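To start, the structure under review is shown below, and the notes come after it.
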Amino acid sequence: FLAVLRIKLGISHGCRETERKALIDFKRGLHDPSDRLSSWVGEDCCAWEGVGCSNISGHVIKLDLRNSRRCKRALRGDITPSLRSLQQLNRLDLSGNYFMHKPIPKFLGAFRRLTYLNLSGAGFMGRVPDQLGNLSTLQHLDLSWVDFTNAANWFQDLNALPHIQEIELSSCDLGTFPRSLSHVNFTSLTTLDLGYNDINSTIPDWLGNMIDGEIPQFFPKLKYLFLSNNSFSGNLSPRITNTMPSLQWFDLSMNNMSGEIPFSYCQLRYLEGLQLYENNLSGVVPNCWKDSSNLLLLDLSSNKLVGGVPDSLCNLQTLESLHLSHNNLSGPIPLCLKSCTELATLDLGHNNFIGNIPTWIGESLLSLKTLNLRSNAFNGSIPRLSSLPSLRILDLSNNNLSGMIPQSFGDFSALKSAPT
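Residue numbers (the numbering used here): 2 to 421.
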């Protein structure tokens with residue numbers, strides 16, 4: 002009766018024999034030092050570690066052999082062409098293994114149902130095969146730490162993916178970057194990570210959209226943009242609200258950007274994180290943050306900013322981390338900052354702030370874990386800060402403080418270090 006029921010409902014009770022043989026052949030081409038594939042025996046490959054099958058058809062639809070632990074657990078060897086038999090595969094993750102500096106196999110472009118492909122940190126290098134552009138259903142692509150030194154047309158290939166949502170290409174030695182594109186096919190893109198590539202150029206027109214005239218929404222769904230640790234130069238585009246209206250996290254840190262911070266950055270209504278540290282930005286911190294109600298992290302440290310802390314920052318009730326160190330900021334710490342009660346990190350070190358260290362820091366900012374006020378021009382006595390129950394790092398060194406160190410400093414329960 003159960004067998005008849007399985008036939009009527011089309012429910013499978015094991016994997017397909019051709020796919021089982023393909024997986025066995027794949028295993029033979031691998032060196033498995035920690036015996037991770039020891040379960041790959043028997044007739045039912047759907048029960049093997051890292052293999053997932055459809056409950057209906059029995060086809061292998063997932064191969065997840067990621068190595069997130071230690072190098073000695075990495076699979077080594079070749080990806081055999083026999084894997085082409087897995088035509089129903091929609092998820093392939095080989096990240097963290099080591100495939101001997103071989104190029105990415107061209108036949109991976111034959112997996113027309115693939116929605117998720119992760120080959121990051123797996124020892125691939127060389128040309129990205131044009132065939133990846135055939136993955137018409139691909140939504141997530143992670144090739145981080147793949148060596149792109151000899152990959153010439155990598156971006157054109159990725160631009161051919163019609164449904165791509167997430168592209169992660171950090172630490173790939175991308176080198177060249179297309180200055181312009183006749184067509185940008187990223188209307189579904191939500192995540193773009195090009196960090197740590199030492200790209201030496203201005204931000205391309207199609208990405209920064211510094212063109213004149215009508216501004217198309219090249220990235221209407223983009224939420225996360227990571228461009229850190231490159232050599233991008235030029236000014237920040239004021240048109241970011243038009244090209245990327247859904248942006249939640251923007252990391253352009255450790256580049257060579259210059260000029261002022263445009264007011265339009267305050268108009269990104271969904272923005273949660275803005276990291277512009279270690280650039281050459283100048284001018285003042287714009288006084289326009291009153292409507293940035295979702296902002297959790299603002300890091301403008303290590304630039305050439307002047308002026309004071311703008312009052313509009315005090316409207317950020319959800320702000321957890323404020324980093325303004327290593328600039329030329331001056332003036333007192335504004336009283337209204339006491340309303341940012343969710344602050345866990347307040348880093349104002351290496352500036353020209355003056356006046357007394359406010360007593361309200363120890364009374365209102367009860368979530369503080371890190372307080373860095375070093376290398377400023379603060380004077381007067383050290384206020385009582387021992388009521389901050391979570392404070393772990395306190396740095397008040399290189400100021401003009403006087404008087405005794407408060408006895409209450411001995412009451413800190415979480416403090417790890419307190420240079421004064």
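Positions of the beta carbon are idealized from the N, C-alpha and C atoms, including for glycine.
Just so it is clear, the structure is predicted and the values come from calculations on it, not from any experiment.
If you draw a straight line from the alpha carbon of residue i to that of residue j, how long is it in whole angstroms?
i       : j       : result
Leu-120 : Asn-328 : 40 Å
Phe-354 : Thr-360 : 16 Å
Ile-212 : Thr-242 : With a pLDDT of 35 at Ile-212, under the threshold of 50, the predicted position of this residue should be treated as unreliable, and no value is reported.
Gly-127 : Glu-50  : 30 Å
Asn-281 : Asn-257 : 6 Å
Ser-391 : Lys-370 : 5 Å
Arg-21  : Leu-66  : 16 Å
Ser-331 : Arg-70  : 47 Å
Phe-178 : Phe-251 : 19 Å
Leu-366 : Leu-349 : 15 Å
Asp-88  : Arg-113 : The question names Asp, yet the displayed sequence has Gln at residue 88. Using only the alpha carbons, I get a separation of about 7 Å.
Ser-58  : Leu-95  : 24 Å
Pro-263 : Ser-238 : 7 Å
Ile-362 : Asp-292 : 24 Å
Val-285 : Thr-244 : 24 Å
Leu-298 : Phe-149 : 32 Å
Gly-97  : Lys-73  : 11 Å
Asp-312 : Asn-288 : 7 Å
Ser-368 : Ser-388 : 10 Å
Ala-123 : Ser-171 : 13 Å
Gly-78  : Gly-30  : 6 Å
Ile-394 : Asn-236 : 35 Å
Leu-374 : Phe-125 : 45 Å
Trp-146 : Cys-173 : 5 Å
Pro-130 : Lys-103 : 12 Å
Met-405 : Asn-377 : 19 Å
Ile-216 : Leu-208 : With a pLDDT of only 41 at Ile-216, under the threshold of 50, the placement of this residue in the model should not be trusted; the figure read from the coordinates follows. Between Ile-216 and Leu-208, the C-alpha separation is close to 12 Å.
Leu-118 : Leu-93  : 5 Å
Asn-231 : Ile-200 : 5 Å
His-184 : Ala-48  : 44 Å
Lys-63  : Cys-54  : 7 Å
Leu-116 : Cys-16  : A small correction: the amino acid at residue 116 is Thr; Leu does not occupy that position in the sequence shown. Each residue's Cα considered, the two are about 21 Å apart.
Asn-352 : Glu-169 : 36 Å
Asp-45  : Leu-136 : 28 Å
Grab me the residues of residue i's own chain with a C-beta within less than 8 Å of its C-beta, minus the 5 sequence neighbours each way, in chain order.
i       : result
Ser-403 : Asn-380, Gly-381 and Ser-382
Phe-108 : Pro-82, Leu-84, Arg-85 and Gln-132
Ser-265 : Pro-239, Arg-240, Ile-241 and Thr-242
In this structure, does DSSP put residue i in helix, strand or coil?
i       : result
Arg-113 : coil
Arg-29  : helix
Tyr-99  : strand
Glu-18  : helix
Thr-242 : helix
Phe-251 : strand
Ala-48  : helix
Glu-364 : helix
Cys-424 : With the chain covering 2 to 421 only, the question about residue 424 has no answer from this structure.
Arg-92  : strand
Ala-161 : coil
Arg-432 : The structure shown does not extend to residue 432, since the chain spans only 2 to 421, so no value can be given for it.
Arg-37  : coil
Asp-292 : helix
Gly-235 : strand
Gly-78  : strand
Ser-202 : coil
Leu-84  : helix
Tyr-197 : coil
Leu-349 : coil
In chain order, what residues of the same chain have a beta carbon less than 7 Å from the beta carbon of residue i, not counting five sequence neighbours either side?
i       : result
Leu-84  : Ala-23 and Phe-27
Gln-249 : Lys-224, Tyr-225, Tyr-271, Leu-272 and Glu-273
Gln-268 : Thr-242
For residue i, which residues in the same chain have their Cβ closer than 6 Å to its Cβ, ignoring the five residues on either side in sequence?
i       : result
Ile-358 : Phe-379 and Pro-384
Asn-304 : Asn-280, Leu-282 and Asn-328
Asn-160 : Asn-186
Ile-334 : Pro-359
Leu-275 : Phe-251 and Leu-299
Please name the residue, chosen from the options, that lies closest to residue i on a Cα-to-Cα basis.
i       : options                               : result
Gln-408 : Ser-398, Leu-397 and Leu-386          : Leu-386
Leu-1   : Gly-260, Asn-316 and Ile-262          : The first residue shown for the chain is 2 and the last is 421, placing residue 1 beyond what the model contains.
Phe-100 : Ala-75, Leu-175, Asn-186 and His-141  : Ala-75
Gln-166 : Ala-153, Leu-374, Asp-143 and Leu-208 : Asp-143
Leu-277 : Asp-300, Pro-246, Pro-287 and Gly-260 : Asp-300
Trp-41  : Thr-342, Leu-118, Ile-25 and Trp-290  : Ile-25
His-141 : Phe-219, Leu-374, Phe-156 and Asn-91  : Asn-91
Cys-341 : Leu-175, Glu-321, Thr-188 and Gly-196 : Glu-321
Ala-153 : Asn-56, Leu-139 and Gly-176           : Gly-176
Phe-233 : Ser-202, Phe-220 and Ser-247          : Ser-202
Thr-346 : His-324, Thr-188 and Pro-163          : His-324
Pro-34  : Ile-168, Asn-68 and Gly-43            : Asn-68
Trp-290 : Leu-306, Gln-318 and Val-307          : Gln-318
Consider the Cβ of residue i: report whether some Cβ of chain C lies at a distance smaller than 8 Å.
i       : result
Leu-369 : Here there is only one protein chain, and chain C is not present.
Would you call the region 225-232 and the region 181-201 in contact, with 3 or more CB pairs under 8 Å? yes
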